[in-house]
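Engineer: Have a look at this one before I ask anything.
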Amino acid sequence: MSSPSDPLTSSSPIRSLPFLAAVAAVLMGLAIVLALVVAPEDADQGLSQRIFYIHVPIALTSYFCFGLGAWKALLLLWREDSRYDLESYVAIHQGTIFGALTLITGSIWAKASWGVWWTWSSNQLVLFLVLFLFYCAYFMLRFSLEDGPRRARSSAVYALFGIVLVPISFLAIRLAEDFIHPTVFTREGPQMTGTMFTAFCVSWTAVTFLAYVLYRVELAGKRLDADLRELREALAS
Amino acid sequence: MSYLADVAALTRKDLRVELRARDTLPAMLLFVLSTLVVFHFALPTGTADDAAYGLLWVAIVFTALLGLARAWVPEQEHGVLDGLVLAPCDRSAIWLGKTLATLVFLLAAQVVALPAFVLFFAPLDATALAGVLLANLGICAVGSLMAAMAAAGRARELLLPLLLLPLVIPLVVGGVGAAISPEGERYLLFLGLYDGVFAVLSWASFEYVVTE
């Protein structure tokens with residue numbers, strides 16, 4: 001983290017944020033047009049299948065954020081550099097937000113295609129619920145500990161447990177339940193027409209980029225907060 | 001060899017503290033028996049045995065939580081943990097000692113609880129018992145690390161169940177599967193995998209959780 005004496009180094013990446021946000025907005029707009037208008041209607045599921053272009057990219061982005069959070073946590077434990085603490089926390093925060101969105105969009109899709117808001121036989125939804133509970137506990141842990149290196153390391157250890165919990169929980173849920181979630185990707189490759197696949201790829205890029213911009217904005221905000229606090233303390237003493 | 005001696009000494013310390021103070025084990029025993037009695041009234045008559053196996057796992061997990069919530073209290077109250085961290089031994093030995101001591105408490109509670117379960121509800125076969133033993137390892141290994149993390153926080157008793165419950169869901173799946181599935185061995189294999197992965201992770205990360 002930069003010292004309070006050189007605020008410019010911490011604020012200069014902020015200047016690129018409006019541009020990045022604009023790119024994210026354009027990409028999201030393009031993705032929505034492709035998903036709702038351009039992509040052909042699914043022969044089997046009809047209109048409701050179009051939520052797939054939003055739901056699946058959000059879910060993948062959420063995994064990506066949790067993975068990023070765990071990676072930064074590993075770097076924190078390895079290099080003992082406190083800036084990774086904030087990066088890991090912000091990544092997991094974004095992952096949890098996107099995880100909540102996954103649960104909501106998944107629930108809507110379940111209602112449209114199976115007629116119920118929640119089904120325990122959908123493995124991916126159950127896995128997301130477990131992960132969502134796990135990462136909510138991450139925030140409880142973080143807010144219950146005193147700020148300092150011990151909190152940073154405890155949070156990092158918990159974040160690492162989370163990324164190991166993903167495959168273990170997936171296996172557990174597979175063992176526990178039948179597999180009835182509609183599988184769009186199989187080992188033979190995507191079962192989609194060219195336009196559908198393009199729309200999916202654009203949506204995925206757009207959502208990932210949006211998550212990246214949100215990550216940068218939150219990180220910049222949190223760093224400014226910390227710098228400001230340090231400056232205030234320096235002025236007061 | 002000295003590592004094992006350290007672990008043995010730490011485990012003995014916990015067992016001796018428990019023998020003298022009798023804080024944890026009687027509470028765990030009474031809790032698990034009361035829970036089983038509550039379950040008798042919670043289950044409508046004529047419910048299949050499968051439901052009872054599920055409730056057994058609820059009882060086991062909550063009994064373990066009760067023991068784990070007390071696990072680091074003596075260390076916290078008297079500043080023992082600082083001394084242990086400063087002692088010239090590998091810090092993971094502290095975790096392993098605590099895990100083994102908690103495992104002994106949990107096994108002792110189950111020595112009473114499992115026969116009571118068989119008496120009140122349904123029989124347990126060898127696969128189900130193996131499932132209980134394997135899941136005990138996982139609960140104690142992960143639980144003693146999470147309890148050490150929670151003990152440093154402001155709301156330690158509240159925090160531990162929140163931290164631990166999402167992590168033990170796979171153990172409940174494995175344990176219930178071993179009890180009710182005709183292919184119980186698959187679930188035992190899964191429990192073994194869980195134990196191995198999370199024990200190594202807890203063992204490797206304990207040091208980071210207790211040092212300032």
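Order-wise, the sequence lines are chains W and P.
Each residue of the first sequence is one higher than the one before, starting from 1 at the first, in the working numbering.
Each residue of the second sequence is one higher than the one before, starting from 1 at the first, in the working numbering.
For each residue, glycine too, the CB sits at the ideal point set by N, CA and C.
Fair warning: this is a prediction, and the values are worked out from it, not measured in the lab.
1) Could you please tell me which residues of the stretch 157–169 of chain P, in chain order, have their CB closer than 7 Å to any CB of chain W?
2) So with CB distances below 9 Å, who are the chain W contacts of serine 2 of chain P?
3) Please list, in chain order, all residues of the same chain as valine 15 of chain P whose beta carbon is under 8 Å from its beta carbon, the five residues on each side excluded.
4) With a Cβ-Cβ cutoff of 8 Å, do methionine 146 of chain P and leucine 171 of chain P count as a contact?
5) Go ahead and label proline 18 of chain W buried or exposed: buried means 16 or more other beta carbons lie within 10 angstroms of its beta carbon, across all protein chains shown.
6) Using 8 Å for Cβ pairs, my map puts isoleucine 32 of chain W next to valine 207 of chain W. What's the rounded Cβ distance?
7) Taking a Cβ distance cut-off of 7 Å, strictly less, list which residues of the stretch 2–30 of chain P are near chain W, in chain order.
8) Using the beta-carbon of each residue, which ones in chain W are nearer than 8 Å to phenylalanine 190 of chain P?
9) Around the C-beta of glutamate 87 of chain W, are 16 or more other C-beta atoms found within 10 angstroms, so that it is buried, or is it exposed?
10) At 7 Å on the CB atoms, spell out the chain P contacts of leucine 133 of chain W, in chain order.
11) For phenylalanine 190 of chain P versus leucine 175 of chain W, is the C-beta spacing smaller than 8 Å?
12) Cα separation between alanine 48 of chain P and leucine 160 of chain W?
13) Can you pull the chain P residues whose beta carbon is under 7 Å from the beta carbon of alanine 137 of chain W, in chain order?
14) With a Cβ-Cβ cutoff of 8 Å, do valine 217 of chain W and alanine 24 of chain W count as a contact?
15) Quick one: Cα of leucine 238 of chain W to Cα of arginine 15 of chain W, how far?
16) Is aspartate 14 of chain P helix, strand or coil when you go by DSSP?
17) Can you tell me where the alpha helix (DSSP H) with methionine 192 of chain W in it begins and where it stops?
18) Is it right to say phenylalanine 179 of chain W is buried, meaning 16 or more other beta carbons lie within 10 angstroms of its own, or is it exposed?
19) Does the Cβ of methionine 1 of chain P have 16 or more other Cβ atoms within 10 Å, making it buried, or fewer, making it exposed?
20) Using the three-state DSSP reduction, which class does aspartate 44 of chain W fall into: helix, strand or coil?
21) Between the C-alpha atoms of histidine 78 of chain P and tryptophan 117 of chain W, what's the straight-line distance to the nearest angstrom?
22) Would you kindly work out how many angstroms separate the C-alpha atoms of arginine 187 of chain W and tyrosine 53 of chain W, rounded to a whole number?
23) So within the stretch 41–75 of chain P, which uninterrupted alpha helix (DSSP H) runs reach at least 4 residues, ignoring any that extend past its ends?
24) Ordered along the chain, which non-local residues of its own chain (more than five positions away) have a Cβ less than 7 Å from that of serine 48 of chain W?
25) Would you check if the stretch 60–69 of chain P and the stretch 178–186 of chain P touch, i.e. whether three or more CB-CB distances between them fall below 8 Å?
26) Using C-beta distances below 6 Å, list every residue in its chain close to alanine 128 of chain P, excluding the 5 sequence neighbours before and after it, in chain order.
27) Does DSSP classify valine 116 of chain W as helix, strand or coil?
28) I'd like to know whether the C-beta of valine 157 of chain W is nearer than 8 Å to at least one C-beta of chain P.
29) So, is isoleucine 169 of chain P buried or exposed, given that buried needs 16 or more other C-beta atoms within 10 angstroms?
30) Would glutamate 212 of chain P pass as an interface residue toward chain W - the criterion being a Cβ-Cβ separation below 8 Å?
31) In the DSSP assignment, the alpha helix (DSSP H) including glycine 79 of chain P goes from what residue to what residue?
32) Assign cysteine 89 of chain P to one of three DSSP states: helix, strand, or coil.
33) Using the Cα positions of leucine 25 of chain P and alanine 109 of chain P, report the straight-line distance between them to the nearest angstrom.
34) With a cut-off of 8 Å, does the C-beta of methionine 140 of chain W fall near any C-beta of chain P?
35) Output yes if chain W places a C-beta closer than 8 Å to the C-beta of valine 85 of chain P; else output no.
36) Thinking C-beta only, is valine 111 of chain P closer than 8 Å to proline 74 of chain P?
Structural biologist: Let me spell this out:
1) Leu159, Leu162, Leu163, Pro166, Leu167, Ile169
2) As a position in the second sequence, residue 2 of chain P is number 2, starting the count at 1. Those do not exist, as serine 2 of chain P stays about 26 Å from chain W at its closest Cβ, beyond 9 Å.
3) Indexing the second sequence from 1 puts residue 15 of chain P at position 15. First, the amino acid is wrong: residue 15 of chain P is leucine here, not valine. Non-local beta-carbon contacts of leucine 15 of chain P in its own chain, meaning distances under 8 Å to residues more than five positions away in sequence, involve Ala101, Val104 in chain order.
4) The count along the second sequence starts at 1 and reaches residue 146 of chain P at position 146. The count along the second sequence starts at 1 and reaches residue 171 of chain P at position 171. Not closer than 8 Å, so no.
5) Taking the first residue of the first sequence as 1, we reach residue 18 of chain W at position 18. By the 10 Å Cβ count, proline 18 of chain W comes out exposed.
6) Sequence index remark: in the first sequence, residue 32 of chain W carries index 32 (1-based). Sequence index remark: in the first sequence, residue 207 of chain W carries index 207 (1-based). Not confirmed; about 11 Å, so no contact.
7) none
8) Within the second sequence, residue 190 of chain P is the residue found at index 190, counting from 1. Within chain W, the residues near phenylalanine 190 of chain P are Leu171, Ala172, Leu175.
9) Here the question's residue 87 of chain W lines up with position 87 in the first sequence. When all chains shown are included, glutamate 87 of chain W counts as buried.
10) Counting from one through the first sequence, the residue named residue 133 of chain W turns up at place 133. By Cβ distance, chain P contributes Pro166.
11) Start at 1 with the first residue of the second sequence, and residue 190 of chain P comes out as number 190. Start at 1 with the first residue of the first sequence, and residue 175 of chain W comes out as number 175. Yes, Cβ-Cβ distance for phenylalanine 190 of chain P and leucine 175 of chain W is below 8 Å.
12) Sequence index remark: in the second sequence, residue 48 of chain P carries index 48 (1-based). Sequence index remark: in the first sequence, residue 160 of chain W carries index 160 (1-based). Those two C-alpha atoms are separated by around 39 Å.
13) Position 137 of the first sequence holds residue 137 of chain W. Within 7 Å Cβ-Cβ: Leu162, Leu163, Pro166.
14) To locate residue 217 of chain W, count along the first sequence from 1; it is residue 217. To locate residue 24 of chain W, count along the first sequence from 1; it is residue 24. Cβ distance not < 8 Å, so valine 217 of chain W and alanine 24 of chain W don't count as in contact.
15) Outside the shown range of chain W, which is 1 to 237, sits residue 238 of chain W, and nothing can be said about it.
16) Here residue 14 of chain P refers to the residue found at position 14 of the second sequence. Aspartate 14 of chain P sits in a helix when the DSSP states are folded into three classes.
17) Along the first sequence, read from residue 1 onward, the residue named residue 192 of chain W stands at position 192. Looking at the DSSP string, methionine 192 of chain W is not in any alpha helix (DSSP H), and its letter there is neither H nor E.
18) Stepping through the first sequence from its first residue, residue 179 of chain W is reached at position 179. Low per-residue confidence applies at phenylalanine 179 of chain W: pLDDT is 35, beneath 50, and the placement is therefore not dependable enough to give any value.
19) As a position in the second sequence, residue 1 of chain P is number 1, starting the count at 1. It counts as exposed.
20) Here residue 44 of chain W corresponds to residue number 44 of the first sequence, with the count starting at 1. Residue state for aspartate 44 of chain W is assigned as coil, using DSSP reduced to three classes.
21) Indexing the second sequence from 1 puts residue 78 of chain P at position 78. Indexing the first sequence from 1 puts residue 117 of chain W at position 117. When rounded, the distance between both Cα atoms is 51 Å.
22) Along the first sequence, read from residue 1 onward, the residue named residue 187 of chain W stands at position 187. Along the first sequence, read from residue 1 onward, the residue named residue 53 of chain W stands at position 53. With a pLDDT of 46 at arginine 187 of chain W, under the threshold of 50, the modelled position of this residue cannot be trusted; read the value that follows with caution. Near 20 Å, if we compare the C-alpha coordinates of tyrosine 53 of chain W and arginine 187 of chain W.
23) 49–71
24) Your numbering for residue 48 of chain W matches position 48 in the first sequence. If we look at serine 48 of chain W and ignore the five residues flanking it on each side, its Cβ neighbours are Trp109, Ala112, Ser113.
25) no
26) Mapped onto the second sequence, residue 128 of chain P falls at position 128. The answer, listed in chain order, is Ala178, Ala179.
27) For the purposes of this step, residue 116 of chain W is taken as residue 116 along the first sequence, with counting starting at 1. Note: valine 116 of chain W maps to coil in three-state DSSP.
28) Translated into the one-based positions of the first sequence, residue 157 of chain W becomes position 157. Chain P contact via Cβ: present.
29) The residue you call residue 169 of chain P lines up with position 169 of the second sequence. Per the 10 Å Cβ criterion, buried.
30) In the second sequence, the residue the question calls residue 212 of chain P occupies position 212. Glutamate 212 of chain P counts as touching chain W.
31) If you number the second sequence from 1, residue 79 of chain P lands on position 79. Looking at the DSSP string, glycine 79 of chain P is not in any alpha helix (DSSP H), and its letter there is neither H nor E.
32) Along the second sequence, one-based indexing puts residue 89 of chain P at 89. Coil.
33) Along the second sequence, one-based indexing puts residue 25 of chain P at 25. Along the second sequence, one-based indexing puts residue 109 of chain P at 109. When rounded, the distance between both Cα atoms is 7 Å.
34) Against the first sequence, residue 140 of chain W aligns to sequence position 140. With 8 Å as the cut-off, methionine 140 of chain W counts as an interface residue toward chain P.
35) For the purposes of this step, residue 85 of chain P is taken as the residue at position 85 of the second sequence. For valine 85 of chain P, the answer is no, since every Cβ of chain W falls outside 8 Å of its Cβ.
36) Translated into positions along the second sequence, residue 74 of chain P becomes position 74. Translated into positions along the second sequence, residue 111 of chain P becomes position 111. Taking 8 Å as the Cβ cut-off, proline 74 of chain P and valine 111 of chain P do not qualify as a contacting pair.
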